[in-house]
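**Q** In the numbering used here, the protein residues as written are 2 to 102. Glycine included, C-beta positions come from ideal geometry on N, C-alpha and C. Treat the numbers as computed from the prediction; the structure is a model and nothing was measured. Mind having a look at this structure? Questions to follow.
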Amino acid sequence: MIRDLYNVRLRPAESITTPLTDEEERRFQAVLFSELGNEIADRGWVRFPAYTQEDRRRLVALAHRLTAHWGQRVFVEAEDQCRVRLYLTGHEVLPESAARA
Numbered sequence: 002m003i004r005d006l007y008n009v010r011l012r013p014a015e016s017i018t019t020p021l022t023d024e025e026e027r028r029f030q031a032v033l034f035s036e037l038g039n040e041i042a043d044r045g046w047v048r049f050p051a052y053t054q055e056d057r058r059r060l061v062a063l064a065h066r067l068t069a070h071w072g073q074r075v076f077v078e079a080e081d082q083c084r085v086r087l088y089l090t091g092h093e094v095l096p097e098s099a100a101r102a
């Protein structure tokens with residue numbers, strides 16, 4: 002069945018803004034730093050969802066902050082359109098058991 006779409010127009014691209022207030026953004030960054038930082042310190046890597054450009058920007062900024070804090074580079078790698086992986090040197094490849102999870 003073919004459906005005709007009448008009066009459909011493209012909306013102009015809007016600038017990307019975070020829906021969080023400055024205080025909420027600061028607190029969210031602190032939680033990411035603590036929780037994901039602890040996971041990376043324990044396992045050497047962490048996987049986290051990143052559905053929007055803003056989410057990916059936060060995770061890249063987090064990797065830079067952790068690198069500065071630890072003095073050891075934290076790498077960022079997009080696994081697919083919705084997941085980002087942060088890892089330390091030596092943890093470039095996922096362990097066999099984690100790759101199936």
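1) Going by C-alpha distance, which of Leu63, Gly72, Arg58, Thr53 is nearest Val47?
2) Using the Cα positions of Gln73 and Asp23, report the straight-line distance between them to the nearest angstrom.
3) Spell out a yes or no on whether the segment 76-84 and the segment 32-41 are touching, meaning 3 or more CB-CB pairs, one atom from each, closer than 8 Å.
4) Going straight from the alpha carbon of Glu55 to that of Leu21, what length do you get?
5) Mind checking whether Val75 and Leu60 have CB atoms under 8 Å apart?
6) Answer with buried or exposed for Ala31, where buried requires no fewer than 16 other C-beta atoms within 10 angstroms of its C-beta.
7) If Ala51 sits next to Arg57, beta carbons under 8 Å apart, how far is it from one beta carbon to the other, in whole angstroms?
8) Find the nearest neighbour of Trp71 within the set Arg27, Val94, Asn39, judged by alpha-carbon distance.
9) Using beta-carbon positions only, say whether Leu87 and Val77 come within less than 8 Å of one another.
**A** Reading off the structure:
1) For Val47, the closest C-alpha among the options Leu63, Gly72, Arg58, Thr53 is that of Leu63.
2) Rounded to the nearest whole angstrom, the C-alpha separation of Gln73 and Asp23 is 28 Å.
3) By the Cβ rule, the segment 76-84 does not count as touching the segment 32-41, because fewer than three pairs are nearer than 8 Å.
4) Separation of Glu55 and Leu21 (C-alpha to C-alpha, rounded to the nearest whole angstrom) is 11 Å.
5) No, the pair does not count as a contact, with Cβ atoms beyond the cut-off.
6) Answer is exposed; the Cβ neighbour count stays below 16.
7) About 5 Å; that satisfies the 8 Å criterion.
8) That would be Asn39, whose Cα lies nearest to the Cα of Trp71.
9) Against a cut-off of 8 Å, the Cβ pair of Val77 and Leu87 comes out as a contact.
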